[in-house]
Amino acid sequence: MATATVVAPAKNTRAVARFAWVTLCFFILVVLWGAVVRATGSGGGCGSNWPLCNGDFVPHHPRLATVIEFTHRSTSGICTALLVVLGIFTFRVTPRGHRARNAVLWAAFLLVTEALLGAMLVLRHWVEANISTGRDIAQCIHLTNTMLFMAALALTAFYLTPDTHPVASLRSSRPAAVIAIVATLFIAATGSLAALADTLFPSPSLAAAFASDMSSASPILVRMRWMHPAMAIIGTVCVLLMLRVTGLRSPLARIVVSLLGAQFVLGIADVLLLAPIWMQVLHLLGADLYWIALTLLAAKLIWPATNDHASQVA
């Protein structure tokens, strides 16, 4: 049985791969700034106009909330331009059927839905101090879409980069990988609700926060905060089961374990510190890095390499 040897990709492929990783890093910054928008109640900083800001392309004499929201919209626009360039060059340097092409097309689709969901939040006034059920649902959907878009970007960069640490994909490992990914998306969705509750209903002390979680008089959003840590435990079990199948021989698997442990530390710190904005952003950054690493590891199990680099395999 012949063995495949992966040869270093062409120079232009390496350049596009680096550009893809840069695009991903920039999008992470956009996501983190989006958390600042939510945590500071600046989602209505541009009024009920979209994509214009208070009816103008560039706002005049803006207040702080306007600057924060306009910065988020502007960086989102830059991210769109980066993705267009990435898509063009990905198709230029890869053959038909390459997984990077599929990933970047998914990224383009999810970017469109990301923009539409953001527009819906603004146009429906589901921003600032709005406590409607519609906002809660939209928040979950928006965050899930963000995570999927981030995953598609990460996979685009990953598939453009030669895999120097392949992981054996067993048929039995694929269901475990799928379950781990789905469970982690639920962690993210419930986390978005917990963060929204911390923003809309801040607690003066840790004791008051726990009391409000258990009080029937508290808003439903506050009483749902327990779902995030509960889902985090369930999701961790699912990920550990996946790792039990794959083992920790892969550097990527060890990164997943390290980031998972860091997330628990950051999550506990977030609760103990009563979720200050800087801690929310740091916790979200850890979540994004963990999600990317988990996505890449799961992708190795679910979609093992086939003939992406047919011209580079002997």
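Everything in the sequence shown is counted per this note's numbering, starting at 8 for the first residue and increasing by one.
All C-beta atoms, glycine included, are put in the ideal place defined by N, C-alpha and C.
Bear in mind that the values here come from a model prediction, so they are computed numbers and not experimental data.
For residue i, write down the residues that DSSP places opposite it in a beta bridge.
i: residue 60; result: 63
CB-CB under 8 Å to residue i, same chain, minus the five flanking residues each way: which ones, in chain order?
i: residue 125; result: 57, 83 and 149
i: residue 200; result: 143, 146, 147, 228, 231, 232, 234 and 235
i: residue 24; result: 16, 164, 167 and 168
Tell me whether the beta-carbon of residue i lies closer than 8 Å to the beta-carbon of residue j.
i: residue 37; j: residue 295; result: no
i: residue 27; j: residue 164; result: yes
i: residue 293; j: residue 280; result: no
i: residue 20; j: residue 162; result: no
i: residue 160; j: residue 114; result: yes
i: residue 30; j: residue 112; result: no
i: residue 255; j: residue 300; result: no
i: residue 291; j: residue 42; result: yes
Assuming residue i contacts residue j (C-beta within less than 8 Å), just tell me the rounded distance between them.
i: residue 287; j: residue 202; result: 6 Å
i: residue 119; j: residue 50; result: Between residue 50 and residue 119 the Cβ distance is about 20 Å, and since that is not below 8 Å, they are no contact.
i: residue 117; j: residue 155; result: 5 Å
i: residue 157; j: residue 298; result: 7 Å
i: residue 44; j: residue 85; result: So it is not a contact: roughly 16 Å between Cβ atoms.
Who are the near neighbours of residue i in its chain, counting only those whose CB is closer than 6 Å to its CB and skipping five residues on each side?
i: residue 48; result: 135
i: residue 216; result: 210
i: residue 66; result: 60, 73 and 77
i: residue 325; result: Residue 325 cannot be examined here, being either before or after the span of the chain that is shown, 8 to 321.
i: residue 213; result: none
Check whether the Cβ of residue i lies closer than 7 Å to any heavy atom of the ligand MN, and answer yes or no.
i: residue 200; result: With respect to small molecules bound, the structure shown includes none, and the ligand MN cannot be examined in it.
Report all residues from its chain with a CB closer than 7 Å to the CB of residue i; omit the five preceding and five following residues, and keep chain order.
i: residue 46; result: 206, 284 and 287
i: residue 55; result: 129, 130 and 132
i: residue 181; result: 308 and 309
Counting only beta-carbon atoms, is residue i nearer than 8 Å to chain D?
i: residue 249; result: In the structure shown, chain D cannot be found, because there is only a single protein chain.
Meets three-Cβ-pair contact criterion under 8 Å: the region 234-251 and the region 184-194: At 8 Å Cβ cutoff, the stretches touch.
Given 8 Å, three or more beta-carbon pairs between the region 243-257 and the region 179-191: With the cut-off at 8 Å, the region 243-257 and the region 179-191 touch.
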